[in-house]
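Participant:
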């Protein structure tokens with residue numbers, strides 16, 4: 001991977017036609033406005049609930065939750081035809097589902113002793129090494 005990066009750096013250094021426009025970037029421009037929050041908040045809520053529920057299924061990971069949330073947001077949104085061009089709700093819904101699925105994967109691990117994802121399997125192994133054995137595993 002490093003070779004591709006080095007080749008790109010050398011290519012950029014040898015190309016003298018590149019002009020960089022220095023535009024002042026304000027810290028406030030990095031965050032969404034209140035209007036954008038209002039547009040995205042319902043999609044974030046739906047994506048979070050869907051992601052958590054999908055994350056609770058052992059084996060179904062964050063990727064599946066993100067794809068399902070993207071499809072649901074595309075069907076529900078008024079601007080569904082613009083999805084795929086960087087529309088905020090098209091980004092916010094899958095990302096919230098992705099993050100919520102990670103927490104949903106903790107539920108089967110802590111209740112049933114079945115890791116819901118690879119990261120929870122590692123976490124379960126670490127808990128076992130510390131001496132915490134789930135009751136379901138002792139049966």
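Residue numbers (the UniProt record's numbering): 1 to 139. Heads up, the beta-carbon is just placed ideally off N, CA and C, and yes, glycines get one too. None of these values were measured; they are calculated from a predicted model.
(1) Expressed to the nearest angstrom, what Euclidean distance is found between the alpha-carbon atoms of residue 71 and residue 79?
(2) Which first and last residues belong to the alpha helix (DSSP H) in which residue 35 is found?
(3) Should residue 51 and residue 100 be called a contact, given that it needs their Cβ atoms to be closer than 7 Å?
(4) Under a three-way DSSP split, which group does residue 88 fall into?
(5) Our contact map puts residue 118 next to residue 109 with C-beta atoms below 8 Å; I'd like the distance itself, whole angstroms only.
(6) Is the CB-CB distance between residue 142 and residue 77 below 7 Å?
(7) For residue 62, which three-state DSSP category applies?
Facilitator: Working from what's here:
(1) 13 Å
(2) 34-55
(3) yes
(4) helix
(5) At roughly 11 Å, the Cβ-Cβ gap does not stay under 8 Å, so residue 118 and residue 109 are not in contact.
(6) Residue 142 cannot be examined here, being either before or after the span of the chain that is shown, 1 to 139.
(7) Residue state, collapsed to three classes: helix.
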